[in-house]
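Participant: Input: one structure, supplied below.
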Amino acid sequence: MNDLDIGMQSEISKFADDTKVMCPIRNTRDQQKLQRDLNELMTWTKKWQMKFNFKYKMGDQELQETEEEKDLGVYVNSSMKFGRQCAESVKKANRMIGIIKRNFTNFDRKVVLNLYKALVRPHLDYCVPVWKPYLRKDIQLLEGVQRRMTKIIHGMRNKTYEERLKELRLMTIEQRHLRQDMITFYNITQGRINMQVDNYVDILRESNTRGHNMKIRPSRVRLEVQRNSYFKRIWKAWNKLPQEAVTAQTLNKFKNSIADCGIFKGRGDLLSR
């Protein structure tokens with residue numbers, strides 16, 4: 523697979539057995555470039571006698587447009603609203619809750635929280651910086667999973683959701699996802715995620731501003747689908763973080779620093795895994 527991109531002019535992304543060829547089409551020259559690269563891929567498959575597992579054929583058949591695709595476990599569509607991804611995540615999480623309720627008789631706090639964090643919540647957290655919802659109906663759909671799970675704990679059924687969260691030291695799912703957004707951007711600034719942020723935000727390294735000296739300003743966008751993208755939604759929260767957070771030397775120190783930050787309404791399980 524290492525020689526797959528030799529001679530390719532389009533951008534190519536390889537992850538495990540997943541390969542993507544990306545090329546913006548603005549004119550006839552771009553169309554010809556993409557077609558030439560697809561021909562190169564066909565030559566590579568014949569040379570190594572390996573066939574691509576594509577839903578759409580590449581040989582004599584024309585590539586077809588698709589409104590939605592599942593990419594590494596995340597449903598992506600042309601609207602970028604991620605409604606189906608939310609629904610699928612909730613379906614998997616609720617299925618696990620059902621399995622827990624059928625197979626366990628001890629629903630004390632420690633047991634249920636451990637099961638929730640190990641088997642249920644990961645379905646709501648997987649790759650969430652990519653698909654974090656912004657529509658209120660989708661946010662409430664995800665929150666409903668935690669509402670349901672916390673109710674089955676002994677002594678919690680008759681308490682309000684807010685009371686349950688406070689007593690169990692849990693954040694809302696929305697707060698937890700905001701925290702994951704902050705962790706992701708911290709990892710980007712530390713070079714742990716290979717991404718050229720200059721294409722999306724300007725980093726304002728100024729010492730005379732209130733707060734920390736690594737504030738960001740998102741680039742202007744023209745399309746509606748871009749207005750709720752990752753960098754457009756995180757910049758205000760990131761700019762409110764304390765100086766000791768953005769300059770933290772380790773991820774654990776960063777997590778400790780944001781634990782007392784005002785952007786989270788409650789400390790909750792900020793340091794839980």
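Numbering of the sequence shown is given in the working numbering, commencing with residue 523 and proceeding in unit increments. For each residue, glycine too, the CB sits at the ideal point set by N, CA and C.
1. Got a sec? Which residues, its chain only, sit under 8 Å from Thr769 by beta carbon, not counting five neighbours each side?
2. Could you tell me which whole alpha helix (DSSP H) segments of length 4 or greater appear in the segment 680-725?
3. Between the alpha carbons of Pro546 and Arg755, how many angstroms are there, rounded?
4. Where does Arg679 land, buried or exposed, given buried means 16+ other C-beta within 10 angstroms?
5. Give the straight-line distance between the Cα atoms of Arg606 and Phe707, rounded to the nearest whole angstrom.
6. Please report the residue range of the beta strand (DSSP E) in which Val596 lies.
7. What does DSSP give as the partner residue(s) for Asp540 in the beta ladder?
8. Can you pull the DSSP bridge partners for Ile738?
9. Any idea if Ala615 is buried or exposed, counting beta-carbon neighbours within 10 angstroms, 16 or more meaning buried?
10. What span of residues does the beta strand (DSSP E) with Glu591 cover, start to end?
11. Taking DSSP as the reference, what is the three-state secondary structure of Pro655?
12. Please name the residue in Gln702, Glu684 and Lys762 whose C-alpha comes closest to that of Leu773.
13. Tell me which residue opens and which closes the alpha helix (DSSP H) that Lys632 is part of.
14. With a CB to CB cut of under 6 Å and the five nearest residues on each side skipped, what residues in its chain are close to Asn599?
15. Mind checking which residues open and close the alpha helix (DSSP H) that includes His676?
16. Would you say Val642 and Val612 are within 8 Å of each other, going by their C-beta atoms?
17. Which residues in the same chain as Pro651 place their Cβ atom closer than 7 Å to its Cβ, once the five residues preceding and following it in sequence are excluded?
18. Please classify Phe776: does DSSP put it in a helix, a strand, or coil?
19. The alpha helix (DSSP H) with Ile756 in it runs from where to where?
20. At what residues does the alpha helix (DSSP H) containing Val743 begin and finish?
21. Between Arg739 and Trp757, which are expected to be in contact by the criterion C-beta below 8 Å, what is the C-beta distance as a whole number of angstroms?
22. For Ile715 versus Asn721, is the C-beta distance shorter than 8 Å?
23. Given a threshold of 16 other Cβ atoms within 10 Å of its Cβ, counted over all protein chains shown, does Val747 qualify as buried or as exposed?
Facilitator: Taking the geometry as given:
1. Here residue 769 refers to the residue found at position 247 when the sequence shown is read from its first residue. Around Thr769: His734 and Met736.
2. 683-690 and 695-711
3. Residue numbering aside, residue 546 sits at position 24 when the sequence shown is read from its first letter. Residue numbering aside, residue 755 sits at position 233 when the sequence shown is read from its first letter. Whole-angstrom Cα-Cα distance: 25 Å.
4. Locating residue 679 in the sequence shown gives position 157, counting from the first residue. It counts as exposed.
5. Taking the sequence shown and counting its residues from 1, the one referred to as residue 606 is at position 84. Taking the sequence shown and counting its residues from 1, the one referred to as residue 707 is at position 185. Roughly 25 Å separates the two Cα atoms.
6. Taking the sequence shown and counting its residues from 1, one reaches residue 596 at position 74. Element bounds for Val596: Val596 to Asn599.
7. Taking the first residue of the sequence shown as position 1, residue 540 is located at position 18. Paired residues: Phe537.
8. Stepping through the sequence shown from its first residue, residue 738 is reached at position 216. BP columns for Ile738 point to Ile725.
9. Walking along the sequence shown from the start, residue 615 turns up at place 93. With 16 or more Cβ atoms within 10 Å of its Cβ, Ala615 is classed as buried.
10. Taking the first residue of the sequence shown as 1, we reach residue 591 at position 69. Per DSSP, Glu591 belongs to the beta strand (DSSP E) from Glu590 to Asp593.
11. Taking the sequence shown and counting its residues from 1, one reaches residue 655 at position 133. If DSSP states are grouped into helix, strand and coil, Pro655 belongs with coil.
12. Residue numbering aside, residue 773 sits at position 251 when the sequence shown is read from its first letter. Nearest of Gln702, Glu684 and Lys762 to Leu773, Cα basis: Gln702.
13. The residue given as residue 632 occupies position 110 in the sequence shown. Start and end: Arg631 to Leu637.
14. As a first step, residue 599 must be located in the sequence shown, where it is residue number 77. The answer, listed in chain order, is Glu589 and Glu590.
15. Residue 676 sits at position 154 when you count from the first residue of the sequence shown. Per DSSP, His676 lies in no alpha helix (DSSP H) segment and is marked neither H nor E.
16. The count along the sequence shown starts at 1 and reaches residue 642 at position 120. The count along the sequence shown starts at 1 and reaches residue 612 at position 90. In terms of Cβ geometry, Val642 and Val612 do not form a close pair [threshold 8 Å].
17. What you label residue 651 is simply residue 129 of the sequence shown in a count that begins at 1. For Pro651, where only same-chain residues beyond five positions count, the Cβ hits under 7 Å are Gln702, Asp703, Thr706 and Tyr752.
18. As a first step, residue 776 is located in the sequence shown; it is residue number 254 there, counting from the start. If DSSP states are grouped into helix, strand and coil, Phe776 belongs with the helices.
19. Counting from 1 along the sequence shown, the entry for residue 756 is found at position 234. Note, Ile756: alpha helix (DSSP H), Tyr752 to Asn761.
20. Mapped onto the sequence shown, residue 743 falls at position 221. Premise fails: Val743 is in no alpha helix (DSSP H) and is neither H nor E.
21. What you label residue 739 is simply residue 217 of the sequence shown in a count that begins at 1. What you label residue 757 is simply residue 235 of the sequence shown in a count that begins at 1. Rounded to whole angstroms, the Cβ separation of Arg739 and Trp757 is 7 Å, and the two are in contact under 8 Å.
22. Here residue 715 corresponds to residue number 193 of the sequence shown, with the count starting at 1. Here residue 721 corresponds to residue number 199 of the sequence shown, with the count starting at 1. Contact flag unset, no.
23. As a working mapping, residue 747 is identified with position 225 in the sequence shown. By the neighbour-count rule (16 or more Cβ atoms within 10 Å), Val747 is not buried but exposed.
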